[in-house]
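Trainee: Okay, handing you the structure first.
Numbering (full-length UniProt numbering), first residue to last: 1 to 279.
This is the structure in structure tokens:
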């Protein structure tokens, strides 16, 4: 399970993206005020998954449907948590790098097979369309923000709060804007760098965005990383601007300017990643 020093890329979909039963459920869920916000939500998610992992491993447990709720203008949108998927991923991760005897004791092969099937279904776009398998609405990254995420948002879309009680930094944008930026980034990167890892990473993110309703909202949330950065660092952070500058430089053939923006961005987030090794 990810630590709370994590960032999040979320997609909130309008109720019309769901079938009739889900629409009724999520509308009641929001009306009853059951949803937690993105600040408290990760703690609830972590607790739910850890409790499920301690359930004896006789089967993958059924977990309640939970979601983040967002009102955007006059539209109600939800970002489901997909807790069953989180538990399945945790079950598989518990077996990674562990001798088979111990792995089987913690997560029996039958249970691991169930978990693998769930994860594969959720990650397969074809099965999402054929079987109506719910989409993965939230991606999580620990100890940093994947650089490709910054290609989907604009610096002007930043929402920041630096009160003594709480620090938050996030970007929210219409998915149509995020898709346009993503496709442009892929086009420039493919033309300039070819099949480089960064090109493939942005392409993967672009395909993910295409799974959702065209009236969805995309949110890049710094989450618990705000506790690792000073208020000044948060206020001055211009990571989406650096990515945009780098892509623009590549599009006009200015390799030096693109490299300068990229190196500045990498150095900034490498410093955050190194904090994971501090005692």
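We put the beta carbon where it would ideally sit given N, CA and C, even for glycine.
Could you give the distance in angstroms between the alpha-carbon of residue 64 and the alpha-carbon of residue 264?
Mentor: In a straight line, the C-alpha of residue 64 is about 43 Å away from that of residue 264.
Trainee: Using the Cα positions of residue 8 and residue 138, report the straight-line distance between them to the nearest angstrom.
Mentor: Each residue's alpha carbon lies about 7 Å from the other.
Trainee: According to DSSP, simplified to helix, strand and coil, what is residue 166?
Mentor: Coil.
Trainee: If you draw a straight line from the C-alpha of residue 97 to the C-alpha of residue 75, how long is it?
Mentor: Distance between the alpha carbons of residue 97 and residue 75 is about 45 Å.
Trainee: As a quick exercise: from 84, 11 and 4, pick the residue whose alpha carbon is nearest that of residue 213.
Mentor: The residue with the shortest Cα to Cα distance from residue 213 is 11.
Trainee: Could you work out which residue in 87, 146, 160 and 172 is closest to residue 197 when comparing CA atoms only?
Mentor: Ranking the options by Cα distance to residue 197, first place goes to 146.
Trainee: Taking Cβ to Cβ, would you say residue 247 is nearer than 9 Å to residue 115?
Mentor: Not a contact, by the Cβ cut-off of 9 Å.
Trainee: What does DSSP give as the partner residue(s) for residue 198 in the beta ladder?
Mentor: None; residue 198 has no bridge partner.
Trainee: Label residue 273 either buried or exposed according to how many other C-beta atoms from any shown protein chain fall within 10 Å of its C-beta, with 16 as the threshold for buried.
Mentor: Label assigned to residue 273: exposed.
Trainee: Please return the same chain residues whose Cβ sits closer than 7 Å to the Cβ of residue 238, not counting the five positions on each side in sequence.
Mentor: Taken in chain order, the residues that qualify are 155.
Trainee: Sorted by chain position, which residues of the same chain lie with C-beta nearer than 6 Å to residue 222's C-beta, five sequence neighbours on each side aside?
Mentor: Around residue 222: 7 and 169.
Trainee: List the whole-angstrom C-beta distance separating residue 182 from residue 206, where the pair is believed to meet the contact cut-off of C-beta under 8 Å.
Mentor: Residue 182 to residue 206, Cβ: 4 Å. Contact.
Trainee: Considering residue 29, what are the terminal residues of the alpha helix (DSSP H) in which it resides?
Mentor: Element bounds for residue 29: 20 to 31.
Trainee: Closest to residue 253 by C-alpha separation, out of 235, 191, 78 and 277, would be which residue?
Mentor: Nearest of 235, 191, 78 and 277 to residue 253, Cα basis: 191.
Trainee: Quick check: what's the CA-CA separation for residue 43 versus residue 34?
Mentor: Distance between the alpha carbons of residue 43 and residue 34 is about 15 Å.
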